[in-house]
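Have a look at the structure below before the remarks.
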Amino acid sequence: MARKFFVGGNFKMNGTLSSLKGIVNTLNEAKLTSETDIVIAPPSLYLIPLKEQLRKDIAVAAQNAYLASSGAYTGEISATQLHDVGIPWVIIGHSERRALFFEADDVVAKKTKAALDAGLSVILCIGETLQEREDDKTIEVVERQLTAVKKELKDWSKVVIAYEPVWAIGTGKVATPAQAQEVHHKIRAWAQKSISQDVAENTRVIYGGSVTAANSRELATQPDIDGFLVGGASLKPEFVDIINAKVSKL
9 MARKFFVGGN
19 FKMNGTLSSL
29 KGIVNTLNEA
39 KLTSETDIVI
49 APPSLYLIPL
59 KEQLRKDIAV
69 AAQNAYLASS
79 GAYTGEISAT
89 QLHDVGIPWV
99 IIGHSERRAL
109 FFEADDVVAK
119 KTKAALDAGL
129 SVILCIGETL
139 QEREDDKTIE
149 VVERQLTAVK
159 KELKDWSKVV
169 IAYEPVWAIG
179 TGKVATPAQA
189 QEVHHKIRAW
199 AQKSISQDVA
209 ENTRVIYGGS
219 VTAANSRELA
229 TQPDIDGFLV
239 GGASLKPEFV
249 DIINAKVSKL
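Going by this note's numbering, the sequence shown opens with residue 9, and the numbers climb by one from there.
Quick look at the structure:
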């Protein structure tokens, strides 16, 4: 069975209730392909009101969850709490959290396991810095990040891997379709070698890093690119075109 295309919108720490409701209204009224799974990730404060307003064929995701289910962790939200209020997805391991909050590979791995154990689906972010790319360490880095998660997981069926080269996030730079395809192919080869043929064939590997309506259609033609995790463009009307990138008739 072919992997279903997947497009996520990471709003990051952007928007107000009013402006984000405007984005939801745009999505609610848009003609969107049924051949793509769609998820939006607003700031946690707005998860519930936007979920209540959003059309049913679009899911919501938290941008982070802590690795413990409860306890004295001021300011954190657990995967158990997210599941309790009906939030089905969470983004784990985004490079901004790895850098700003010093989330090491093992922490990301434990967060991923905690989210899955709580019943959530996970968008697992991996990717190399510009220096690592220039040092020809891209594959070494992504395999290291994935290996840490592999040590914690037995079931990958509710994981979407988001390859996001750090040098392309919010910079306007984007990996060429060939560059992105090469890494995605290597990720799938790693999964086949390290986990199983089934995981390699069925796990969706999506691309993130300055994805726009202008470049999404060509990226979507690559055989191992199963969708996108979109940052800034998810806050704009062009997000509709990115969602529909795989279906030219729309």
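Yeah, the Cβ is synthetic: ideal placement off N, Cα and C, and Gly gets one too.
Because the structure is a prediction, the values reported are computed rather than measured.
- Positions of the beta strand (DSSP E) runs, each at least 3 residues long and wholly inside the stretch 100–173, are given as 129–134 and 167–171 in order along the chain.
- The DSSP assignment places complete alpha helix (DSSP H) segments of no fewer than 4 residues inside the stretch 188–226 at 205–210, in order along the chain.
- In the three-state DSSP reduction, residue 232 falls in the coil class, being neither helix nor strand.
- Around the beta carbon of residue 50, 16 or more other beta carbons sit within 10 angstroms, so the residue counts as buried.
- Here DSSP, grouped into helix, strand and coil, assigns residue 62 to coil.
- Within the same chain, and ignoring the five residues on either side of residue 193 in sequence, the residues whose Cβ sits closer than 6 angstroms to its Cβ are 232.
- Judged by pairs of C-beta atoms under 8 angstroms, the stretch 13–27 does not touch the stretch 189–207, as fewer than three such pairs exist.
- Residue nearest to residue 102 within the set 131, 89, 29 and 114 is 131 (criterion: CA-CA distance).
- Exclusion of the five residues before and after residue 176 leaves 182, 183, 217 and 218 as the residues of its chain whose Cβ lies within less than 7 angstroms of its Cβ.
- In the three-state scheme derived from DSSP, where H, G and I count as helix and E and B as strand, residue 30 is classed as helix.
- Excluding residues up to 5 positions away in sequence, 185 lie with their Cβ nearer than 7 angstroms to the Cβ of residue 226 in the same chain.
- Across the structure, residue 140 and residue 156 are spaced so that their CA atoms are roughly 18 angstroms apart.
- Within its own chain, the residues whose Cβ lies closer than 6 angstroms to the Cβ of residue 47, once the five positions on either side in sequence are excluded, are 16, 67, 69 and 97, listed in chain order.
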